[in-house]
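Those protein sequences? They're chains A and B, same order as listed.
Take 586 as the starting number for the first sequence in my numbering and just add one per residue.
Take 119 as the starting number for the second sequence in my numbering and just add one per residue.
Ideal Cβ positions, reconstructed from N, Cα and C, are used throughout, including at glycine.
A quick write-up on the structure given underneath.
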Amino acid sequence: MKRHIIILLLCSALQLQAQGGADGTAFLDRTEFKVGYSGTIFWSNGIAVGAEYLWKEFKKTKERRNAQRTNTHQFLFNGNLGFATNFASKTDTGGFTNFGVTWRRTNKKGKQFSIDLNPLGYYRSFLPETYRVNGDNVDRVSFPGRGYYSPSLSVGIGKQRKGKFRSGSYFNITYSPRFNYNARTLPTFSIQYGFRFNFKNKKQ
Amino acid sequence: MKQFSTFSLKIVFIVSIVWFVNACSDDFELNNLDETLFVRHKNADMPAYIRGNSSEKVFLITLHGGPGGTGLGFTGKAFEAIEDAYGVVYFDQRGSGNSQGHYDEDDISIDLMAEDVLALVKVLKRKFGDDSRFFLLGGSWGGTLGTATLLKDQSNFKGWIEVDGANNPAGLYDLYLETFPTTANTQIALGNSVDFWEAVLALVAQVDPVNNLDDFLTLNGKAFEAEEKLFEDGFIASVENGIGGNETFFVYNFLTKAWNSGKIQSIFDDQGLFQTVDFTSQLSEIRIPSLFISGKYDMVVPIASAQTAFDAIGSTSKELRIFERSGHGPMFTEPDLFANTVIEFMNTHK
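Structure (structure tokens):
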């Protein structure tokens with residue numbers, strides 16, 4: 586199971602790269618990078634970085650209160666990599682990565698609403714000094730920790746800054762269950778707040 | 119400017135290396151321990167928080183209540199005092215607190231969790247040496263687990279301390295049906311919280327006289343409410359003096375802790391912990407020095423449970439201490455007396 590997830594994650598990453606590989610400029614045009622806080626404030630704090638590749642975009646115009654409103658709808662591929670720890674203990678530290686699709690709606694003022702569905706996700710805990718006991722044998726474990734399949738669903742708001750290098754900000758609430766955690770599935774919630782960057786805009 | 123940047127980078131690099139090396143170091147001071155390590159046993163990774171003064175390599179291993187409590191839930195004034203005298207090992211049991219792992223719920227049993235405790239002892243011996251000495255303390259459900267552990271192998275322990283321990287979970291139902299009316303009638307006669315105690319009497323009359331999970335959970339919940347009333351009416355001392363600060367709030371993610379607790383409790387409920395498990399007939403097999411501590415007004419594991427265990431235990435050196443101003447948490451309500459009692463017992467038997 587773990588091996589299959591890793592292969593899927595790699596394939597997904599390669600697919601993202603391949604789509605922009607033919608023309609580096611086009612790739613940068615359509616890709617934003619992001620970095621921000623990830624955690625629960627009280628029990629875990631960390632950082633997450635990621636990228637979003639624009640797959641499809643269309644505009645929808647609606648009549649509302651005798652005025653026309655045009656919203657931009659985008660579908661993006663996204664990938665994230667993060668790390669979070671609990672500074673009050675050594676028992677809740679881990680890294681995560683997830684990949685999937687984002688739907689984002691942007692209004693003419695640049696206000697955004699988005700939903701990220703990342704079915705490919707992996708969480709790896711990092712434990713301090715750990716000893717494995719098997720019968721009377723006690724051995725110290727190297728790089729102790731455990732991996733969990735951990736897809737995620739995020740709902741968030743944001744603000745677009747058109748044509749700027751720092752092209753936007755986001756605030757997401759994320760639900761990412763860890764499967765087969767202890768005897769069942771552990772639900773976890775976290776928040777992400779950060780900024781998006783468009784390197785193409787830097788050149789302009 | 120460039121020179122300054124290079125110099126700054128060097129400093130940052132050196133500080134990072136020193137910090138990293140220190141973080142990876144296994145050095146520790148036995149007289150002031152503050153170590154966290156994990157025990158990996160049968161597909162579970164369980165943290166042990168080891169604190170205090172273990173200059174004599176004497177450790178008190180604590181087993182929390184629940185099932186599904188937290189190892190550090192014991193911390194407070196009493197255990198601070200115990201830490202000054204001895205090393206204290208706070209252990210998040212399988213499926214509790216910050217424990218993690220992959221296993222099937224059918225694999226969970228008291229037997230397996232008792233093996234986890236013995237695995238912890240092996241790890242502590244590996245870490246601190248074979249000359250280490252151990253006492254075992256179990257509170258509430260920890261009393262059930264501790265008893266199961268000692269019945270498996272008591273040779274590792276110098277002594278057993280049971281605090282409001284439920285070594286007969288199946289018997290609690292009948293104890294509630296006996297204790298609730300007695301306490302209720304006494305309190306009504308004194309004119310204390312009459313409405314509440316009359317409701318308790320009505321509840322006892324209403325529940326099935328045969329032990330069943332639904333009624334057990336109702337009675338168990340009522341037991342905690344009853345202790346609150348006894349506190350309000352001045353029979354149980356305040357926990358404010360003895361309870362720990364905010365530390366455990368930040369150590370345990372609230373959601374993870376609650377989820378773990380709910381799951382492990384439901385697994386044991388389904389297995390019939392409170393309908394079938396009773397170690398009373400095996401207590402005679404436990405022969406190490408034993409100390410039973412019970413709150414006089416403990417409604418959750420009534421005092422009669424401690425008396426029965428005290429009578430049945432096979433130890434020649436045994437003691438029953440009743441805490442006059444306590445309910446189910448004597449380490450919080452009478453912290454000084456609790457610490458002194460435990461330290462005295464350990465001093466005698468180490």
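- Fully contained in the segment 327 to 414 of chain B are the following alpha helix (DSSP H) runs of length 4 or more, in chain order: 331 to 350, 365 to 369, 372 to 389 and 391 to 394.
- Following the DSSP letters along the chain, one finds B:Ala166 inside the beta strand (DSSP E) bounded by residues Ala162 to Gly170.
- Separation of the CB atoms of B:Val357 and B:Gly447 is rounded to 6 Å, and the pair is thereby assigned contact status at 8 Å.
- Taking B:Ser444 as reference, the option from B:Asn274, B:Val176, B:Asp282 and B:Gly183 with the minimal CA-CA separation is B:Asp282.
- Judged by DSSP secondary structure, A:Arg690 falls within the beta strand (DSSP E) whose first and last residues are Gly679 to Thr691.
- Under the Cβ criterion of 8 Å, B:Ser217 is counted among the residues facing chain A.
- Per DSSP, the continuous alpha helix (DSSP H) segment holding B:Pro453 begins and ends at Pro453 to His467.
- Within its own chain, the residues whose Cβ lies closer than 6 Å to the Cβ of A:Phe618, once the five positions on either side in sequence are excluded, are Ala636 and Phe782, listed in chain order.
- B:Asn338 has its alpha-carbon roughly 24 Å from the corresponding atom of B:Ala307.
- The beta-carbon separation of B:Tyr204 and B:Gly170, rounded to 6 Å, stays under the 8 Å limit for a contact.
- Within the segment 221 to 246 of chain B, the residues whose Cβ lies closer than 7 Å to any Cβ of chain A are, in chain order, Tyr221, Asp222, Glu223, Ile226, Ala237, Lys240, Val241 and Arg244.
- Here the alpha carbon of A:Ala669 sits roughly 18 Å from the alpha carbon of B:Phe367.
- Counting only runs of at least 4 residues, the segment 178 to 219 of chain B fully encloses the following alpha helix (DSSP H) elements, listed from N- to C-terminal order: 195 to 203.
- If only uninterrupted beta strand (DSSP E) runs of at least 3 residues are considered, those enclosed by the segment 603 to 668 of chain A are 616 to 624 and 630 to 649.
- B:Ile361 sits away from B:Ile200, with the two beta carbons spaced by 8 Å or more.
- Residues of the same chain with a CB within less than 7 Å of the CB of B:Met231, apart from the 5 flanking positions on each side, are Gln211, Arg212 and Leu263 in chain order.
- Beta-bridge partners of A:Ile776 (DSSP): A:Gly624 and A:Ile758.
- Between the C-alpha atoms of B:Pro185 and B:Gly380 there is a straight-line separation of about 9 Å.
- Spanning the alpha carbons of B:Glu233 and B:Lys243 requires a straight line of approximately 15 Å.
- Put simply, the segment 182 to 196 of chain B does not touch the segment 638 to 652 of chain A. Fewer than three CB pairs are less than 8 Å apart.
- Contact check for A:Phe672 against A:Tyr707 fails: the beta carbons are separated by 8 Å or more.
- Between the segment 755 to 769 of chain A and the segment 712 to 724 of chain A there are fewer than three inter-stretch CB-CB distances shorter than 8 Å, so the stretches are not counted as touching.
- Taking the Cα positions, A:Arg654 is about 5 Å away from A:Thr646.
- In this structure, B:Ser258 and B:Val157 do not form a Cβ contact; the two beta carbons are roughly 22 Å apart against a cut-off of 8 Å.
- The Cβ of A:Asp677 sits closer than 8 Å to at least one Cβ of chain B.
- Nearest Cα to A:Thr773 within the set A:Asn651, A:Arg615, A:Gly679 and A:Phe612: A:Gly679.
- The three-state reading of DSSP puts A:Gln745 in strand, counting E and B together.
- In the three-state reduction of the DSSP assignment, B:Glu442 falls in the coil class, being assigned neither a helical nor a strand state.
- Under the criterion of beta carbons closer than 8 Å, A:Gly730 and A:Ser710 qualify as touching, at roughly 4 Å.
- With a threshold of 8 Å between beta carbons, A:Asn767 makes contact with chain B.
- One Cα belongs to B:Tyr294, the other to B:Ala162, and the distance between them is close to 35 Å.
- In the three-state reduction of the DSSP assignment, A:Ser737 falls in the strand class.
- A:Val723 has a beta carbon lying within less than 8 Å of a beta carbon in chain B.
- The Cβ of A:Val718 sits closer than 8 Å to at least one Cβ of chain B.
- In the displayed model, B:Thr434 falls within coil according to three-state DSSP, outside both helix and strand.
- For B:Phe156, the uninterrupted beta strand (DSSP E) run begins and ends at Leu151 to His159, by DSSP.
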